[in-house]
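Reading through the structure tokens given below for one structure.
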Amino acid sequence: MKRPTSFDIAALAGVSQATVSRALSNAYPVSEDVRRRVYEAAAKLNYTVDINARKLRSKKINTIAVLVSEDLDQPDNRINPFFLPLIGSILDYAGEKGVDVLVSLQKQSDNWGVDYGFSRRADGIIFLGYRDFETYRQKVEVLRQVGEPWVVFGPQIAEDPDLFVGSDNEGGAYAAVSHLIGLGRRRIVFLGEASERHSEFFERFKGYVRAHEEAGLKVDPALAIDCFISREEGGAAIQRLLDEGADFDAVFAVTDLLAIGAIQTLQKRGYGVPKDVSVMGFDDLWVCTCINPELSTVRQDTTTAARVLVDTLIRLIDGQPAEMTRIPTQLVLRESC
């Protein structure tokens, strides 16, 4: 097949070749409608930039982008609150390195892979947050084609070992559930979607299972409840279990928000936490110490994560090798256990 050119894009988008060059290089202003048509045509044709030529033409602009994918459905809050301290730490550390940071919220429906892949808004990109990782990977594939450096905070993906930085999700979950088992709890609810499409949660599920297996316990599938992030979903999941008469004495939630929702529902139904049911979260949000009882959880080290993300991206921008990094977690015990 003949490699598509900017003239092919121009024909498909209905603009001149010069306009295509301006839109893709972001060197001169073009209307948003024209830019969108050019990007869509480039993506449809699987157009790739000559990376070597691009490097010769381009210069570093000393800016990195942090693209945050919307994770929540609330109209007044689309961002997983875990990412707020991580973004703050990225801004702080990048400032120490003399690098500017562009932060942007990306909607699930946006074709941001094409948008950033063919523009020069930043030297490289850090991605935070996703719901469906398979769809997410399809979008960032455009960046791979054009040679745009990027790094993701998330799960370990064997096919892309150099591009991912994340917490030790399985190890953190294993430590949390092992602690619950050590307290004598035997019927432990898992709150969070245990699916490979949500890789970080699936890693935490594997830690939940491993803790049971090493203690000689069997996981009850009826206690593994699919739900995603929000306090409301955590509360609703526990409500359903109680209504069904399920027997459980502990809850491990893959996020603090789910755990907080679980505590609130248990208390409304007359259960004592931790007297009747122990509850453990994951993330260590600031709100963990603002509820009663204070929430035990697994802490993700956002300060270290930010430094590793920025340093990894800078290495990729400079054309140096970078390694996938696993950041240790810490079990934080409070009153809910």
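FYI, the numbering for the sequence shown is 1 to 337, going by the numbering used here. We put the CB at the ideal spot given by N, CA and C, even for glycine.
Reduced DSSP secondary structure (H/G/I, E/B, other) of residue 8:
In the sequence shown, the residue the question calls residue 8 occupies position 8. Here residue 8 sits in helix by DSSP.
Rounding to the nearest angstrom, what Cα-Cα distance links residue 99 and residue 93 in this structure?
Here the question's residue 99 lines up with position 99 in the sequence shown. Here the question's residue 93 lines up with position 93 in the sequence shown. Answer to the nearest angstrom: the Cα atoms are 9 Å apart.
Distance CB(residue 191)-CB(residue 225) smaller than 8 Å
As a first step, residue 191 is located in the sequence shown; it is residue number 191 there, counting from the start. As a first step, residue 225 is located in the sequence shown; it is residue number 225 there, counting from the start. Their beta carbons are under 8 Å apart, which means residue 191 touches residue 225 by this criterion.
Specify the secondary structure class of residue 278 as computed by DSSP and reduced to three states.
Sequence index remark: in the sequence shown, residue 278 carries index 278 (1-based). Three-state result, residue 278: strand.
Does the distance from the C-beta atom of residue 126 to that of residue 90 stay below 8 Å?
The residue you call residue 126 lines up with position 126 of the sequence shown. The residue you call residue 90 lines up with position 90 of the sequence shown. Yes. Within cutoff.
Opposite residue 330 in the DSSP bridges: which residues?
Counting from 1 along the sequence shown, the entry for residue 330 is found at position 330. In DSSP, residue 330 forms a bridge with 299.
Can you find at least 3 beta carbon pairs, one from the stretch 202 to 216 and one from the stretch 234 to 244, that sit closer than 8 Å?
no
Can you find the residues in the same chain that come closer than 7 Å, C-beta to C-beta, to residue 299, ignoring five residues on each side of it along the sequence?
As a first step, residue 299 is located in the sequence shown; it is residue number 299 there, counting from the start. Excluding residues within five positions, the ones whose Cβ falls inside 7 Å are 284, 329, 330, 332.
From which residue to which residue does the beta strand (DSSP E) around residue 127 run?
Start at 1 with the first residue of the sequence shown, and residue 127 comes out as number 127. Taken as a continuous stretch (DSSP letters only), the beta strand (DSSP E) holding residue 127 covers 124 to 128.
If I'm right that residue 24 touches residue 70 with Cβ under 8 Å, what's the distance once you round it to whole angstroms?
As a working note, residue 24 is residue 24 in the sequence shown. As a working note, residue 70 is residue 70 in the sequence shown. Going by Cβ atoms, the distance from residue 24 to residue 70 rounds to 26 Å, so no, they are not a contact pair.
By alpha-carbon positions, which one of 213, 313, 320 ends up nearest to residue 97?
The count along the sequence shown starts at 1 and reaches residue 97 at position 97. Closest by alpha carbon: 313.
Would you list, in sequence order, the uninterrupted alpha helix (DSSP H) runs of no fewer than 4 residues that lie entirely inside the stretch 154 to 229?
169 to 182, 199 to 214
Short of 7 Å in beta carbon distance, which residues of its chain neighbour residue 316, apart from the five on each side in sequence? Order them along the chain.
Walking along the sequence shown from the start, residue 316 turns up at place 316. Cβ neighbours of residue 316 beyond the five flanking positions: 124, 149, 151, 322.
Taking the beta strand (DSSP E) that residue 246 falls in, what are its first and last residues?
For the purposes of this step, residue 246 is identified with residue 246 of the sequence shown, where counting begins at 1. Element bounds for residue 246: n/a, residue is neither H nor E.
Can you check which of these residues, 303, 282, 336, is closest to residue 272 by C-alpha distance?
On the sequence shown, position 272 is the one that residue 272 refers to. When only C-alpha atoms are compared, the closest one is 336.
Helix, strand or coil: which one does DSSP assign to residue 283?
Start at 1 with the first residue of the sequence shown, and residue 283 comes out as number 283. Reduced to three states, the DSSP call for residue 283 is strand.
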